Every structure is written in structure tokens, then in C-alpha cells.
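Engineer: Reminder that position 1 of the sequence shown reads as -7 in this note's numbering, one-by-one numbering, no gaps.
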Amino acid sequence: MGNTIDTPSQKGQQTDDVATLQNEKYIEMDRDKKYFWDDKYGRKCVILSPQYLFITWSEDNKFWRWSNKTVSYLPDKRSKDLSVPELFEVYWLEVKAEFDMSHLAQSTVYEFVFKFELKDNNKFDGVKVDFCLQLPNQEPHDDKVALKELKGEWKKEFQVSIPGKIEFTMKETSSMPKRGLVIHGIIIKPKEPNPTA
-7 MGNTIDTPSQ KGQQTDDVAT LQNEKYIEMD RDKKYFWDDK YGRKCVILSP QYLFITWSED
53 NKFWRWSNKT VSYLPDKRSK DLSVPELFEV YWLEVKAEFD MSHLAQSTVY EFVFKFELKD
113 NNKFDGVKVD FCLQLPNQEP HDDKVALKEL KGEWKKEFQV SIPGKIEFTM KETSSMPKRG
173 LVIHGIIIKP KEPNPTA
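See the structure below:
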């Protein structure tokens, strides 16, 4: 099942894995999911690649086109090649993800960050997209917002209170055609503290 580094209560079992993560900064659990170590907060964080996500019609190149792209938004600022999907044109836009929160520390406030970009020829003028983040035993965190207002990322804060999965959905299914969206993936990381005066 790969390295076990994801259950905060199993401290003895995690000692070697955490040390490896601190030294190497990244551990690849599979090709679609990676952990990285945040030196500032001393916490494990998560990168979910576009391949990890469920994207409706993403396997049909009439609707989505996959290509390699160099990105540099990762925590250590190093550029990395990533396979990303670009939306050619759909009416039914839907992206989903699930993630087991036992990988995260209960004492920490996290940011769930969905990363994307819009191409110059995009068709999202006047289009508002539904975002939803659902945690166990909590009301859903819902937003309806235009992608052009988000500057490449949708963020939502959360804190782990009980074991379970976090569920993410982005959806827009009107009769308006949509194109020019490039999905970079999801980052789950500790929230940056507000600067003090």
C-alpha cells in the first residue's frame, strides 16, 4: 500500500516516514498524489494532480486536450512538468475529487486550493461556476462565482474535526458552451496566518 505517512495518531509508525519527507520534501504515493513537507509549519501537505480528479469527458479529446505544462506554483517554487487538461468545448462542466482527511493534522487550519488558468480565447464571460467543499457532519461550503474573478485559484479554509473524506465539486451545466479552462490540480496546505500590525 506504499508508505504510511497519513494518520496523525500513529506517531511511532510515522517517525521514519516523516523524517524522509522532511529530508526529501516530496513523497510520491502514486503518480497522481504527492505529499510535501512545509518547513514553515512543520506539517504534511498534499498535491492532487489533474489525473487524480474526476473530470467529466476528460478522456475524450473532442472535449478536453491533455498536454505537458511547466508549473512553478508548488511550495518550493521549483518548476515541474505536469500533464494538464485544457477544455476545448463542453456544455456540461464537472470536476470532482475525494480525499481522506486522516492524512491531515486535526490541530491545523488548512486551505483547500483548486488551481487553474483561463486561456485568452476562453468562453467564460458571464458564466458563474458552482463550487462546493463538503466535510463530514458539516454544512457544505458553497460558492457561485465567475472564474475570471478568481485569479487562477479557488480557496476554502477548513479544519479536520472527525475522520472522513473531504469532497470537492466544481460544476456548470447550463446550455452555454465553455472553453479555454486549464486545470492544474489541487493543493491542500496550512493556512497562511494574517500578518500582524
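All C-beta atoms in this analysis are idealised placements derived from N, C-alpha and C, irrespective of residue type, glycine included.
It should be emphasised that the depicted structure is a prediction, and the values quoted were computed from it without experimental measurement.
Could you check what DSSP says for TYR27 in three-state terms: helix, strand or coil?
Structural biologist: The count along the sequence shown starts at 1 and reaches residue 27 at position 35. The answer is strand: DSSP assigns TYR27 an E or B state.
Engineer: Thinking C-beta only, is LYS157 closer than 7 Å to GLU103?
Structural biologist: Sequence index remark: in the sequence shown, residue 103 carries index 111 (1-based). Sequence index remark: in the sequence shown, residue 157 carries index 165 (1-based). No.
Engineer: Would you check if the distance between the CB atom of LYS61 and the CB atom of VAL82 is smaller than 7 Å?
Structural biologist: Start at 1 with the first residue of the sequence shown, and residue 61 comes out as number 69. Start at 1 with the first residue of the sequence shown, and residue 82 comes out as number 90. No; because the gap between Cβ atoms is not below 7 Å, this pair is not in contact.
Engineer: What is the rounded straight-line gap between the Cα of LEU110 and the Cα of LEU125?
Structural biologist: Counting from one through the sequence shown, the residue named residue 110 turns up at place 118. Counting from one through the sequence shown, the residue named residue 125 turns up at place 133. For LEU110 and LEU125, the distance between alpha carbons rounds to 22 Å.
Engineer: Taking Cβ to Cβ, would you say TYR44 is nearer than 7 Å to LYS32?
Structural biologist: Position 52 of the sequence shown, counting from 1, holds the residue named residue 44. Position 40 of the sequence shown, counting from 1, holds the residue named residue 32. Against a cut-off of 7 Å, the Cβ pair of LYS32 and TYR44 comes out as no contact.
Engineer: Would GLU201 and VAL101 be called neighbours here (beta carbons separated by less than 7 Å)?
Structural biologist: With the chain covering -7 to 189 only, the question about residue 201 has no answer from this structure.
Engineer: Buried or exposed for TRP56, please, with buried defined as at least 16 other CB atoms from any protein chain shown within 10 angstroms of its CB.
Structural biologist: Mapped onto the sequence shown, residue 56 falls at position 64. Flag for TRP56 reads buried.
Engineer: Just the Cα atoms here: how many angstroms apart are ASP73 and LYS140?
Structural biologist: Against the sequence shown, residue 73 aligns to sequence position 81. Against the sequence shown, residue 140 aligns to sequence position 148. C-alpha separation (whole angstroms): 25 Å.
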